[in-house]
Each structure stands twice: as structure tokens, then as C-alpha cells.
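Numbering of the sequence shown is given in this note's numbering, commencing with residue 1 and proceeding in unit increments.
Built from N, CA and C at the ideal position, the CB exists for glycine as well.
Scroll down for the structure; my scribbles are underneath it.
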Amino acid sequence: MGMVMLRTIRAQQACSERWRRRGLRLGFVPTMGALHAGHLSLVAAALRNVDRLVVSVFVNPIQFGPREDFHRYPRTLARDRALLSRAGVDVLFSPAPAAMYPPGFATRVTVEGPLVAGLCAPWRPGHFAGVTTVVARFFQVVRPHAAWFGQKDAQQVAIIRRMTQDLGTGVRILVGPIVRESDGLALSSRNRFLDRAGRMAAPALWRGLQAGRAAIRRGERSPAGVRAAMRRVLAPVSPVRVQYLDIVDAETLQPLYRLRGRVLLAIAAFVGRTRLIDNLPVRVPR
Ligand code: PAF
1 MGMVMLRTIR AQQACSERWR RRGLRLGFVP TMGALHAGHL SLVAAALRNV
51 DRLVVSVFVN PIQFGPREDF HRYPRTLARD RALLSRAGVD VLFSPAPAAM
101 YPPGFATRVT VEGPLVAGLC APWRPGHFAG VTTVVARFFQ VVRPHAAWFG
151 QKDAQQVAII RRMTQDLGTG VRILVGPIVR ESDGLALSSR NRFLDRAGRM
201 AAPALWRGLQ AGRAAIRRGE RSPAGVRAAM RRVLAPVSPV RVQYLDIVDA
251 ETLQPLYRLR GRVLLAIAAF VGRTRLIDNL PVRVPR
């Protein structure tokens, strides 16, 4: 049977309910569309592990700040549909905003505490509450056994894991690695906003992360020293403007005063007007 596209909550609920009654194992890959090879690698991983796969395409208004790029976020549903159908997905679930958030919708699912203290959170107030709210809502509707997310959004993954555990949703959270262009640029739906100069400059983020890792391998153990090594690579590159460079514990996302264990080097930068993020987990040698 080919892929079907469902647009209403009720249709998706009925479909998931039918599959569950038959004892099938359901997988879910939530996306905002404008699909690239990173998304498709999550889809491929999911397809290997479940009986039926639902992929959502929904540009979630409540995870964008008032000055962010919700209106210009790329919407390429016809192309996404063709890609997902070719990949062997069972259902493309693409609800209208009014179906996800009917008039009067007033609930937020919010993770609090250290996971939302640093990295992107202070720069994007309300963003992660928007993400956890939509993911919790999707989990209620799709009722998957497992869901796949990309490592590029490492903080999002940690927060969703926390939420899933705290709410006891029973959904297994799985993570796919970052997929990169040949010059190291992490795939992102926002890369299409880069002009020529921006596209040439953007791999500096990856080179900065690699410089941080090299400093750790050379024996640097102070976050300030690693950050300085990353800055040396990034500072001369125009039009790159670093928003943050952080080195945190890879599990707890807490800042470190001396590097040990598994750490995460994370970066957010504007390349022209486009905000990009990237990260690199590193095991610190003893
Ligand atoms: O990572 C994304 O694309 C979004 O944050 C997600 C998980 C689909 C929720 O809107």
C-alpha cells in the first residue's frame, strides 16, 4: 500500500488506533518539513525498526518567537510528500495549525530546570515550551512506540527525553547523527536561506567545533581555553556572528569548570540573517 496523507487529528487517531489494535509497532518522525538528507536518515532508521511509520510535517507556530522566521520558514509540502512516499513512509500527517491549536487552546507542556538554563534557551524564550507542547500533543494523537529526533538539536533531544520520562508517555526516544555536507556544514532546512557568501562562510561552524575538539585532544581542560581555540577559527570569518559557544556535560547540559567525561561542544551563530546551530560530542581523554 502507498503512503497516505492525513490532515485531521481524528483521521490520524483512528489510523493509529487501528494499527495498535493489530499489535503493530508504530514509529514517528516529527518534522517541520523542507526535508533534507538528515530527516531522511531518521526516516530510514525508523523504517528499519517499526511496522508502520508516521512522519509529521507541521511548521509549529508556537515554537517561534515574535522576531523569528516563522513566516519565511520554507514550506515545500509537495516535494516533502514525494520524498516520504518514495522512502516508504506509511502516513504523512500534516495538520492545519487550527487543528493542532483550536480556538481557546491554552496549555503549555514545559520542562523546567537546568536543561533549559543554557545553550539556546536564553536566546529563544518560549521556544522549548513550544516544542514540548507540540511533541506532547503529537504523541497523544499518533501514539507511537518510538520517535526519532536529530542530534543537531541536542538540547531539544535532552528536553524531550526529560518530558517523556516525566510524563510516562512510554515513547522510546531515539537519536540520529548529524548529517553534513562534504565541507562539514550540518544539514538544516535553514541552509537554503544562505546566500553565496553565507554558504561559503557557514562551514566555519564545523571547523570551529573541530578546533575545540583538537584543543581537548592536545590536553586543554579549561572551557575558556577550548572556547578560545574555537573563537580563533570563527572570529575572522565574515558574515559569521557567534551567538554562543558552549562546552557542557553531554548528558546534563550543565556548564563545566574543568572538562571530563563526555562533553558537548555547541555553537549558535548568525550567518548573515540566518541563525544556525551545530554541536559535537567529545569524549575527554583521561
Ligand atoms: O526539530 C524540529 O523540526 C521541531 O522542533 C519539531 C521536533 C518537529 C517540533 O516542531
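Should Asp-166 go down as buried or exposed, given a rule of 16 or more other Cβ atoms within 10 Å for buried? exposed
For Arg-241, the residue or residues it bridges with in DSSP: Phe-270
By the 10 Å Cβ neighbour count, where 16 or more other Cβ atoms means buried, how is Gln-254 classified, buried or exposed? exposed
C-alpha gap between Leu-256 and Leu-265, whole angstroms: 11 Å
May I ask whether a heavy atom of the ligand PAF can be found less than 7 Å away from the beta carbon of Asp-153? yes
How many angstroms separate the CA atom of Val-248 from the CA atom of Ala-121? 14 Å
Select from Asn-60, Asn-279, Gly-118, Arg-283 the residue whose C-alpha is nearest the C-alpha of Ala-98. Asn-60
contact_flag[the segment 193-203, the segment 235-244] where n(CB pairs < 8 Å) is 3 or more: yes
Would you check if the distance between the CB atom of Thr-107 and the CB atom of Phe-193 is smaller than 8 Å? no
Rounded separation between Ala-87 and Ser-222 - CA only: Looking at the two C-alpha atoms, the distance is approximately 45 Å.
Tell me the rounded alpha-carbon separation between Val-4 and Ser-56. 12 Å
Tell me which same chain residues have a C-beta within less than 6 Å of the C-beta of Leu-185, skipping the five on either side of it? Ala-202, Pro-203
Across the segment 16-36 and the segment 70-82, are there enough close Cβ pairs to call them in contact, namely three or more that are closer than 8 Å? yes
Under 7 Å: does the beta carbon of Leu-157 sit that close to some heavy atom of the ligand PAF? According to the sequence as given, residue 157 is Val; it is not Leu. No, the ligand PAF has no heavy atom inside 7 Å of this Cβ.
Based on DSSP bridge pairs, tell me the residues matched to Arg-283. Arg-262
Give me, in chain order, the residues of the same chain whose beta-carbon lies closer than 6 Å to that of Ala-211; leave out the 5 immediate sequence neighbours on both sides. Ala-229, Met-230, Val-233
Can you give the Cα-Cα distance for Lys-152 and Gly-2, rounded to whole angstroms? 30 Å
Hey, quick one: how far does the beta strand (DSSP E) through Leu-6 stretch, first residue to last? 4-6
Between which two residues does the alpha helix (DSSP H) harbouring Gly-150 extend? No alpha helix (DSSP H) contains Gly-150, which is instead part of the beta strand (DSSP E) from 146-150.
Contained beta strand (DSSP E) runs [length at least 3] in the segment 75-122, N- to C-terminal order: Whole beta strand (DSSP E) segments, 3+ residues: 91-93.
Does any heavy atom of the ligand PAF sit closer than 7 Å to the C-beta of Val-131? yes
Could you work out which residue in Leu-53, Asn-191, Asp-278 is closest to Ser-85 when comparing CA atoms only? Leu-53
Please report the distance separating the alpha-carbon of Ala-214 from that of Glu-220. 9 Å
Member of Tyr-244, Trp-148, Val-157 whose CA lies at the smallest distance from the CA of Leu-47: Trp-148
Closest residue to Ile-178 among Leu-119, Gly-104, Ser-188, Arg-260 (Cα-Cα distance): Ser-188
I'd like to confirm something about Met-163: is its beta-carbon nearer than 7 Å to some heavy atom of the ligand PAF, or not? No; taking the cut-off as 7 Å, the Cβ of Met-163 has no heavy atom of the ligand PAF nearer than that.
Three-state class that DSSP yields for Ser-56 in the structure shown: In the structure shown, Ser-56 sits in a strand (DSSP, three-state: E or B).
Taking Pro-285 as the reference, which of Val-271, Glu-112, Ile-277, Val-263 has the closest Cα? Val-263
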